[in-house]
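Undergrad: Residue numbers for the sequence shown follow our numbering, so the first one is -9 and each next one is one higher.
Think of the CB as a built atom: it goes at the ideal place given N, C-alpha and C, for glycine as much as any other residue.
Once you've had a glance at the structure underneath, I'll fire off some questions.
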Amino acid sequence: MPTLYIQEQGVMVRKRNNQVLITKEGQTLHEVPLAKIDQVVLMGRGVQLSTALLIDLLERGIPVTFTNQHGSRHYATLTAGPSRFGDLRIRQMQFVGAPDRALRLAKDIVRAKLTNQRRLLAATGWPAAATAIAQIDAALTAAANAPHVDILRGHEGAAAAAYFGAWRASLPPVWGFGGRAFYPPPDPINAMLSFGYTLALHDVITAVQITGLDTYLGVFHVIEPGRPSLALDLLEEFRPLIVDRLVIDLVRTNAIGREHFHRPQERPDAVYLDDVGRTLLVQRYESMLQTKVRLPGGEQTPLRRVILLQAQAIARIVRGEQEQ
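Laid out in structure tokens, this is it:
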């Protein structure tokens, strides 16, 4: 159990000996050995965590992430203090402030994302995929020659429009997918995408923080207060590789249905996964992240570790130890 997700509201999460104890109204729901946990995700304001357990988790190097109940919004990820990474962060600030160097890394990120989008579409066999792939190819060529990050964002946006246009033309009408939309998600497909991207963002933020980089100093996403720009940058290439592939598989295999979604009374314009749907998607996500993939050098490693390896590659670029 690399990641412990806690989504049931009204529970208390505390430590007993070397176990994580989850209780509700005096009844023990689960006991999980601390030694089996790599990360904890608390979903919703109705989940309480004891200070003793929080400190123990941080001392063990186990990050703790807080999201809203639907898992569609990331609030914070807590890790042990990063004081030993001062030199790297100074270099990162200098790197982000050097437009030419930052643009080269941003182009690498966009190329990786568009390449993964292209490969995923090619594997679907959708009739609409061919046109979208041609448009993504054009965007790849244009992005490589973009003179400024704003223009690069435009090419990435054009590719995204073509990519999700193929989704819109190919997914069964019952899903009501009219294109990528969020805040709030208006249909089940967008609900799964948003939830999946939030799950992936947890892992990316954790990888960035473990590496010692500043989560908020990115090169592609605009730097704004409260926006984890670098984590969002790194997330881009993993969206199609992990989450999009997962959503398509769930729909194609009928593993999930419209009955796994609901519209909250307080947000009738929004569609969210219900408890069963979230649990299913979390299980599939965790299974995918534990799947071993082959690296260029031939080594096989879990997909979750690939995220960390990419964060470490960015750190080496920031230090000037490699080019791309």
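If you draw a straight line from the C-alpha of residue 37 to the C-alpha of residue 291, how long is it?
TA: Start at 1 with the first residue of the sequence shown, and residue 37 comes out as number 47. Start at 1 with the first residue of the sequence shown, and residue 291 comes out as number 301. One C-alpha to the other measures close to 33 Å.
Undergrad: Grab me the residues of residue 122's own chain with a C-beta within less than 7 Å of its C-beta, minus the 5 sequence neighbours each way, in chain order.
TA: Looking up residue 122 in the sequence shown gives position 132. Here the set comprises 111, 152, 153, 155, 156.
Undergrad: What distance in whole Å lies between the Cβ atoms of residue 97 and residue 136, which are believed to be in contact at a cut-off of 8 Å?
TA: Counting from 1 along the sequence shown, the entry for residue 136 is found at position 146. Counting from 1 along the sequence shown, the entry for residue 97 is found at position 107. Contact holds; Cβ gap of about 7 Å.
Undergrad: In this structure, does DSSP put residue 292 in helix, strand or coil?
TA: Residue 292 sits at position 302 when you count from the first residue of the sequence shown. Residue state, collapsed to three classes: strand.
Undergrad: Is the beta carbon of residue 52 less than 8 Å from the beta carbon of residue 12?
TA: As a working mapping, residue 52 is identified with position 62 in the sequence shown. As a working mapping, residue 12 is identified with position 22 in the sequence shown. Result no, Cβ atoms of residue 52 and residue 12 do not sit closer than 8 Å.
Undergrad: For residue 139, collect the residues of the same chain with a Cβ closer than 6 Å to its Cβ; drop the 5 residues on either side in sequence, then sort them by chain order.
TA: Your numbering for residue 139 matches position 149 in the sequence shown. Excluding sequence neighbours, residue 139 sits near 93, 96.
Undergrad: Given a cut-off of 8 Å, decide if residue 191 and residue 171 are closer than it, judged by their beta-carbon atoms.
TA: Against the sequence shown, residue 171 aligns to sequence position 181. Against the sequence shown, residue 191 aligns to sequence position 201. No. Outside cutoff.
Undergrad: Any contact between the region 30 to 46 and the region -8 to 8? By contact I mean 3 or more CB pairs, one from each, below 8 Å.
TA: Cβ pair count under 8 Å is three or more, so yes.
Undergrad: Taking 8 Å as the cut-off, does the region 194 to 207 touch the region 274 to 288 (at least 3 CB pairs, one atom from each stretch)?
TA: Counting Cβ pairs under 8 Å, fewer than three are found: no touch.
Undergrad: Note down, in chain order, each residue of its chain lying with its Cβ closer than 6 Å to the Cβ of residue 231, except the 5 sequence neighbours on either side.
TA: Sequence index remark: in the sequence shown, residue 231 carries index 241 (1-based). Hits under 6 Å: 106.
Undergrad: Using a Cβ distance threshold of 8 Å, determine whether the region 206 to 223 contacts the region 79 to 86, with at least three qualifying pairs required.
TA: They touch, by the three-pair rule.
Undergrad: Using the Cα positions of residue 23 and residue 6, report the straight-line distance between them to the nearest angstrom.
TA: Looking up residue 23 in the sequence shown gives position 33. Looking up residue 6 in the sequence shown gives position 16. Taking the straight line from one Cα to the other gives about 10 Å.
Undergrad: On a Cα-Cα basis, can you pick out the residue from 177, 272, 74, 211 that is closest to residue 141?
TA: For the purposes of this step, residue 141 is identified with residue 151 of the sequence shown, where counting begins at 1. Measuring from the Cα of residue 141, the nearest candidate turns out to be 211.
Undergrad: What first and last residue would you give for the alpha helix (DSSP H) that runs through residue 47?
TA: In the sequence shown, counting from the first residue as 1, residue 47 sits at position 57. Here the alpha helix (DSSP H) through residue 47 covers 41 to 49.
Undergrad: State the start and end residues of the unbroken beta strand (DSSP E) segment that holds residue 14.
TA: Position 24 of the sequence shown, counting from 1, holds the residue named residue 14. 9 to 14 is the span of the beta strand (DSSP E), which, as asked, contains residue 14.
Undergrad: Would you give the residue range spanned by the beta strand (DSSP E) that residue 4 belongs to?
TA: Along the sequence shown, read from residue 1 onward, the residue named residue 4 stands at position 14. That run of the beta strand (DSSP E) goes 2 to 6.
Undergrad: Give, in chain order, every unbroken run of the beta strand (DSSP E) that is at least 3 residues long and sits entirely within the region 154 to 206.
TA: Counting whole runs of 3 or more residues, the region 154 to 206 contains no beta strand (DSSP E) stretch at all.
Undergrad: Among 166, 8, 25, 63, which one has its Cα closest to the Cα of residue 218?
TA: Within the sequence shown, residue 218 is the residue found at index 228, counting from 1. Among 166, 8, 25, 63, the Cα nearest to that of residue 218 is on 63.
Undergrad: To which residues of the same chain is residue 225 closer than 8 Å at the C-beta, ignoring the five residues directly before and after it?
TA: Locating residue 225 in the sequence shown gives position 235, counting from the first residue. Excluding positions up to five away in sequence, the list reads 187, 190, 191, 194.
Undergrad: Return the residue from the list 176, 56, 245 that minimises the CA-CA distance to residue 259.
TA: Position 269 of the sequence shown, counted from the start, is the residue given in the question as residue 259. The option with the nearest alpha carbon to residue 259 is 176.
Undergrad: Note down the Cα distance separating residue 262 from residue 40, rounded to an integer number of angstroms.
TA: For the purposes of this step, residue 262 is taken as residue 272 along the sequence shown, with counting starting at 1. For the purposes of this step, residue 40 is taken as residue 50 along the sequence shown, with counting starting at 1. So the alpha carbons of these two residues sit roughly 29 Å apart.
Undergrad: Starting from residue 251, follow its DSSP beta bridges and name the residues at the other end.
TA: Walking along the sequence shown from the start, residue 251 turns up at place 261. Paired residue(s): 263.
Undergrad: First and last residue of the beta strand (DSSP E) that includes residue -4?
TA: Taking the first residue of the sequence shown as position 1, residue -4 is located at position 6. Its beta strand (DSSP E) spans residues -7 to -4.
Undergrad: Is it the case that the Cβ atoms of residue 248 and residue 178 are separated by a distance below 8 Å?
TA: Your numbering for residue 248 matches position 258 in the sequence shown. Your numbering for residue 178 matches position 188 in the sequence shown. Yes, the Cβ-Cβ distance between residue 248 and residue 178 is below 8 Å.
Undergrad: On the CB-based measure, 16 or more other CB atoms within 10 Å of its CB, does residue 285 come out buried or exposed?
TA: Along the sequence shown, one-based indexing puts residue 285 at 295. Result: exposed.
Undergrad: Quick one, are the C-beta atoms of residue 238 and residue 57 less than 8 Å apart?
TA: As a position in the sequence shown, residue 238 is number 248, starting the count at 1. As a position in the sequence shown, residue 57 is number 67, starting the count at 1. The answer is no: Cβ separation not under 8 Å.
Undergrad: Taking the alpha-carbon positions, what's the residue 294 to residue 132 distance?
TA: Position 304 of the sequence shown, counted from the start, is the residue given in the question as residue 294. Position 142 of the sequence shown, counted from the start, is the residue given in the question as residue 132. Looking at the two C-alpha atoms, the distance is approximately 31 Å.
Undergrad: Using 10 angstroms around the beta-carbon of residue 180, count the other beta-carbons present and answer buried if the total reaches 16, otherwise exposed.
TA: Within the sequence shown, residue 180 is the residue found at index 190, counting from 1. Label assigned to residue 180: buried.
Undergrad: Thinking C-alpha only, which one of 271, 301, -8 is nearest residue 54?
TA: Working through the sequence shown from its first residue, we reach residue 54 at position 64. Comparing Cα-Cα distances from residue 54 to each of 271, 301, -8, the minimum goes to -8.
Undergrad: If contacts are defined as beta-carbon pairs under 8 Å, then residue 298 and residue 213 qualify, I think. What distance do you get, rounded to the angstrom?
TA: Along the sequence shown, read from residue 1 onward, the residue named residue 298 stands at position 308. Along the sequence shown, read from residue 1 onward, the residue named residue 213 stands at position 223. Not really, about 23 Å apart at Cβ, beyond 8 Å.
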